[in-house]
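Colleague:
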Amino acid sequence: MDESLAECPGCGGDARFSVRAPDGTLFGPYTLSQIRAYALERRIVPSAVLIAANGDVFALRQAGIAAPLPHTFAPAPTERRALPGWAILLIVLAIVASIAAIAAAIALPYRAMNRRLGPGGMACDYNLNQVSLALQMYRLDYNDYFPLEPTWRPALYPYLNRVGMTLQAFECPASGLRQRSYELAPALSGVSDRTLSYTVRSRVPMVYDAGLATGPGPHGGDGNVAFVDNTVRLLSPAQFKQYSANLPKQTPARPKP
Ligand SMILES: [Zn+2]
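In our numbering, the protein residues as written are 60 to 316.
Here it is as structure tokens:
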């Protein structure tokens, strides 16, 4: 019992109090222990007051009674609701669809490239990459000079070995020419690559599918071309002709390497 109630005359252990609701209705009288029990059961609102036998009025808290707030003020319990079956199905479908979209985005460029290059096109592209690499190593050893055109293939043998390739690198699967499937541009025979500026190297054809210079290439009329900067592209005969304009015009007298 708190101090204010202790000062209250006639507030002994078995003293009784009426309870006045906020709307003025009177209940009781009850003993303090009864009122405390009612408050715990939420049958008394916190704003109700106690009236002693002598007419003195006390708030509930003055009597040491903590009335809990009515239920309506209690926070709503959180409820974990399971997702309905159709929502789970929808999420699974969305995940499957996005995986399929990613797989297609990865595979489609390759399929498009395969279609564009035709049968054997990818292997041809790879061959020309390796031959370009061998040619670059040759030029490093020979003071930047290209090999002579009539003997360029045997000149590259040791360099192809170094990149783990065999003479198969000279064979385009789409061509019937076997190890003579590719040509070195005759205008580059015995030429120093220092005569070609770095800006023009990506436009100077170096090694390419044989026949592209004179007619249709083996890949649906087109042919693969390795440029001096070692990039490989598929060109039509007309495109090849345009790029050939970038080749050195005159073959200089071959210097001694
Ligand atoms: Zn080819």
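A virtual CB, placed ideally from N, CA and C, is assigned to each residue, including glycine.
#1: What would DSSP say about residue 306, mapped onto helix, strand or coil?
#2: Going by beta carbon distance, what residues of the same chain come within less than 6 angstroms of residue 77, once the five residues before and after it are set aside?
#3: For residue 277, is the beta carbon positioned less than 7 angstroms from some heavy atom of ligand 1?
#4: Taking a contact to mean a Cβ-Cβ separation below 8 angstroms, would you say residue 206 touches residue 215 in this structure?
#5: From what residue to what residue does the beta strand (DSSP E) around residue 292 run?
#6: Measuring from the CB of residue 191, is there a heavy atom of ligand 1 at a distance below 7 angstroms?
#7: Mapping the DSSP letters down to three states, classify residue 230 as helix, strand or coil.
#8: Note down, in chain order, each residue of its chain lying with its Cβ closer than 6 angstroms to the Cβ of residue 107, except the 5 sequence neighbours on either side.
#9: Decide if residue 299 is buried, meaning its Cβ has at least 16 other Cβ atoms within 10 Å, or exposed.
#10: Compare the C-alpha of residue 74 against each of 82, 91 and 83 and name the closest.
#11: Would you check whether ligand 1 has a heavy atom nearer than 7 angstroms to the C-beta of residue 56?
#12: Any heavy atom of ligand 1 inside 7 angstroms of the beta-carbon of residue 244?
#13: Check residue 84 in the structure and name its three-state DSSP category.
#14: Does DSSP classify residue 63 as helix, strand or coil?
#15: So, at 8 angstroms on beta carbons, what are the nonlocal neighbours of residue 253 in its own chain, with the 5 sequence-adjacent residues on each side left out?
#16: Any idea if residue 277 is buried or exposed, counting beta-carbon neighbours within 10 angstroms, 16 or more meaning buried?
#17: Pick out the complete alpha helix (DSSP H) segments inside the stretch 134-219, 4 residues or longer, and give them in chain order.
#18: First and last residue of the beta strand (DSSP E) that includes residue 260?
#19: Quick check on residue 120: does DSSP put it in helix, strand or coil?
#20: Within 8 angstroms (strictly less), CB to CB, does residue 207 reach chain C?
#21: If you follow the alpha helix (DSSP H) that residue 77 is part of, which residue opens it and which one closes it?
#22: Should residue 233 be counted as a contact of ligand 1 given a C-beta to heavy atom distance under 7 angstroms?
#23: Go ahead and label residue 304 buried or exposed: buried means 16 or more other beta carbons lie within 10 angstroms of its beta carbon, across all protein chains shown.
#24: Check whether the Cβ atoms of residue 269 and residue 242 lie closer than 8 angstroms to each other.
#25: Would you mind stating whether residue 274 and residue 245 have Cβ atoms separated by less than 8 angstroms?
#26: What number of angstroms, rounded off, separates the C-alpha of residue 272 from the C-alpha of residue 294?
Modeller: Per the coordinate set shown:
#1: coil
#2: 85, 87, 88 and 110
#3: yes
#4: yes
#5: 291-294
#6: no
#7: coil
#8: 78 and 80
#9: buried
#10: 91
#11: Summary: the structure shown does not reach residue 56, with the chain confined to residues 60 through 316, and so no result is reported for it.
#12: no
#13: coil
#14: Note that residue 63 has pLDDT 47, beneath the 50 cutoff, so the model's placement of it is unreliable and the number below is only indicative. If DSSP states are grouped into helix, strand and coil, residue 63 belongs with the helices.
#15: 203
#16: buried
#17: 144-176 and 180-200
#18: No beta strand (DSSP E) contains residue 260, which DSSP labels as neither H nor E.
#19: helix
#20: This model lacks chain C altogether; it includes just one protein chain.
#21: Taken as a continuous stretch (DSSP letters only), residue 77 belongs to no alpha helix (DSSP H), being part of the beta strand (DSSP E) at 75-79.
#22: yes
#23: exposed
#24: yes
#25: no
#26: 11 angstroms
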